[in-house]
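Asker: Residue numbers for the sequence shown follow our numbering, beginning at 67 and rising by one. The C-beta atom is built at its ideal place from N, Cα and C for all residues, glycine as well. Keep in mind that this is a model prediction, so the values were computed, not measured. If you scroll down you'll find the structure; I have some questions about it.
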Amino acid sequence: MASVKLTNVKKIYGKNTLAVDNFNLDIADKEFIVFVGPSGCGKSTTLRMIAGLEDISGGTVEIDGVVVNDLQPRDRDIAMVFQNYALYPHLTVFENMAFSLRLKKVPQDEVYKRVTEAAEVLGITEYLTRKPRALSGGQRQRVAIGRAMVRDSKVFLMDEPLSNLDAKLRNQMRAEIILLRKKINTTFIYVTHDQTEAMTLGDRIVIMKDGLIQQVGTPTEVFDMPCNLFVAEFIGAPKMNTFNTKLVKEGDKYYVTPYGAKIEVTGEKATALAAKGVGSQNIILGVRPEHFVLAEAGAPDAISCQILVNEMMGSELHLHVVTENGDKLIVRIPTVSLTDDQRRSLVQGAPLHVTCEGKVMHFFNVEEQTNLLV
Ligand code: ADP
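The structure is reproduced here in structure tokens:
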């Protein structure tokens, strides 16, 4: 059992580098939480304050209801896996994994049991007698995870554990962490700058910028209802298209008018705008690349543009296009939805007419860049 609670946590380095401010978060027992954001936003600092590797400048960190601000890292009952796995090169995999247990004078048979069990879960039993240099990057990472696992900790902290691996291995290890999580069944706090990792691993994601939490939510919540433009552009790949346009209320209907087109807002978005009594105004409109669809030339809802680049990704095309006033957009079209003729016509320089799905648009306030519906 381990819940983790951060209340008004703050970190100031030196005299005035405010690295983390006003950090409030309740992490439930066995929850998998991911801190995500661009480099320098304060993710690692927050994790290190939970671990006890950094002093806390203000606020409290509680583990299972006990304030741990002044506890040494070893007394917090947490395990941490770092980006550079820092294995001891002269020790075997077994001894690397057993290291912390030996320090704690755990009896030999118990050490053997815990190490072999963890090795079994991680699929590294056959490497237990090897030295780290005889392992691949992915295997070393597994040993580093195993070393943390044997300690039976209440909370498992991981700081960019996959960032030193190549893309293919990273995908594989990501899937393994999802499986591992089911097996170890403890509370995880995971730091990454990679939104895909955050989306695929987290029960909830904490998106940070400049030391401040921007939004906390499930992957679906932050994808479907980003609270501001920063979150909207950070979550999702390729990133959301955003452009200045107008939201127009006519009777009980809402329209957006990008690039001379007139597109009706539909579904829950329309209902939500009406419920909030939102009036006509200038907005920043957000449209994910996959929420554009092809339109008929000359249709009232068609945005006219020209194809700059057509990237064939296999199951979909990524079309980089430019609008008549020079804005650049990215449009994702599933390959199966196109006829052979259509596919052949989507070449560099060709005209393209698209519209966007009215039920999945995002509307942001021009000044504060906050979501009008949050
Ligand atoms: P992230 O993990 O999101 O990349 P960090 O938590 O490492 O960000 O850093 C947050 C901010 O604190 C950055 O501006 C960084 O330069 C600063 N910082 C981190 N560690 C130190 C340190 N030991 N001394 C001074 N400033 C630091």
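In the DSSP output, what is VAL387 paired with across the bridge?
Answerer: Counting from one through the sequence shown, the residue named residue 387 turns up at place 321. VAL387 pairs with ILE373, LEU395.
Asker: Buried or exposed for HIS156, going by 16 or more other Cβ atoms inside 10 Å?
Answerer: Position 90 of the sequence shown, counted from the start, is the residue given in the question as residue 156. Looking at its Cβ environment, which holds fewer than 16 other Cβ atoms inside 10 Å, HIS156 is exposed.
Asker: Taking the runs of the beta strand (DSSP E) that are 3 residues or longer, which of them lie wholly in the segment 283–359?
Answerer: 307–316, 319–322, 347–353
Asker: Assuming ILE349 contacts PHE430 under a Cβ cut-off of 8 Å, what Cβ separation, rounded to an integer in Å, is found between them?
Answerer: The residue labelled residue 349 in the question sits at position 283 within the sequence shown. The residue labelled residue 430 in the question sits at position 364 within the sequence shown. Confirmed, about 6 Å.
Asker: Would you call the CB atoms of TYR256 and PHE98 closer than 8 Å?
Answerer: For the purposes of this step, residue 256 is taken as the residue at position 190 of the sequence shown. For the purposes of this step, residue 98 is taken as the residue at position 32 of the sequence shown. Yes; because the gap between Cβ atoms is below 8 Å, this pair is in contact.
Asker: Going by CA-CA distance only, name the one from ASN135, VAL132, ALA185 that's closest to THR158.
Answerer: As a first step, residue 158 is located in the sequence shown; it is residue number 92 there, counting from the start. Measuring C-alpha to C-alpha distances from THR158 to each of ASN135, VAL132, ALA185 identifies ALA185 as the nearest.
Asker: Give the range of the beta strand (DSSP E) segment to which PHE430 is assigned.
Answerer: As a working mapping, residue 430 is identified with position 364 in the sequence shown. Start and end: 428–431.
Asker: In the structure shown, what three-state DSSP assignment does GLN174 receive?
Answerer: Numbered from 1 along the sequence shown, position 108 holds the residue referred to as residue 174. Note: GLN174 maps to helix in three-state DSSP.
Asker: Around the ligand ADP, what residues have a beta-carbon under 5 Å from a heavy atom of it, in chain order?
Answerer: TYR79, THR83, ALA85, SER105, GLY106, CYS107, GLY108, LYS109, SER110, THR111
Asker: What does DSSP give as the partner residue(s) for GLN281 in the beta ladder?
Answerer: On the sequence shown, position 215 is the one that residue 281 refers to. According to DSSP, which records beta bridges pairwise, GLN281 is partnered with ILE273.
Asker: What's the gap between the Cα of TYR79 and the Cα of TYR193?
Answerer: On the sequence shown, residue 79 is found 13 positions in, with the first residue counted as 1. On the sequence shown, residue 193 is found 127 positions in, with the first residue counted as 1. Rounded to the nearest angstrom, the two C-alpha atoms are 42 Å apart.
Asker: What number of angstroms, rounded off, separates the C-alpha of LEU228 from the C-alpha of ALA117?
Answerer: Locating residue 228 in the sequence shown gives position 162, where the first residue counts as 1. Locating residue 117 in the sequence shown gives position 51, where the first residue counts as 1. Approximately 19 Å, taken between the alpha carbons.
Asker: On the CB-based measure, 16 or more other CB atoms within 10 Å of its CB, does MET146 come out buried or exposed?
Answerer: Position 80 of the sequence shown, counted from the start, is the residue given in the question as residue 146. Buried, by the Cβ-count rule.
Asker: Using CA coordinates, which residue listed in THR421, THR112, ASP136, VAL402 is at the minimum distance from MET224?
Answerer: Counting from one through the sequence shown, the residue named residue 224 turns up at place 158. Checked all of THR421, THR112, ASP136, VAL402; the closest Cα to MET224 is THR112.
Asker: If the criterion is Cβ atoms closer than 8 Å, does the pair VAL402 and HIS386 meet it?
Answerer: Locating residue 402 in the sequence shown gives position 336, where the first residue counts as 1. Locating residue 386 in the sequence shown gives position 320, where the first residue counts as 1. The Cβ atoms of VAL402 and HIS386 do not sit closer than 8 Å to each other.
Asker: In angstroms, rounded to a whole number, what distance separates the CA positions of VAL154 and PRO198?
Answerer: The sequence position of residue 154 within the sequence shown is 88, counting from 1. The sequence position of residue 198 within the sequence shown is 132, counting from 1. A quick correction: the sequence has Tyr, not Val, at residue 154. TYR154 and PRO198: Cα-Cα distance of roughly 8 Å.
Asker: Nearest CA to the CA of THR337: which residue from VAL426, ALA233, LEU245?
Answerer: The residue labelled residue 337 in the question sits at position 271 within the sequence shown. Ranking the options by Cα distance to THR337, first place goes to VAL426.
Asker: Consult DSSP for PHE160 and reduce its assignment to one of helix, strand or coil.
Answerer: Taking the first residue of the sequence shown as 1, we reach residue 160 at position 94. In this structure, PHE160 counts as helix in the three-state DSSP scheme.
Asker: If you check the beta carbons only, do LYS220 and ASP130 fall under 8 Å apart?
Answerer: Indexing the sequence shown from 1 puts residue 220 at position 154. Indexing the sequence shown from 1 puts residue 130 at position 64. With contacts defined by Cβ atoms closer than 8 Å, LYS220 and ASP130 form a contacting pair.
Asker: Measuring CB to CB, does LEU91 end up less than 8 Å from LEU119?
Answerer: Indexing the sequence shown from 1 puts residue 91 at position 25. Indexing the sequence shown from 1 puts residue 119 at position 53. No, the Cβ-Cβ distance between LEU91 and LEU119 is not below 8 Å.
Asker: Do you know how far the Cα of GLY204 is from the Cα of ALA241?
Answerer: Mapped onto the sequence shown, residue 241 falls at position 175. Mapped onto the sequence shown, residue 204 falls at position 138. A straight line joining the alpha-carbon of ALA241 with that of GLY204 spans about 12 Å.
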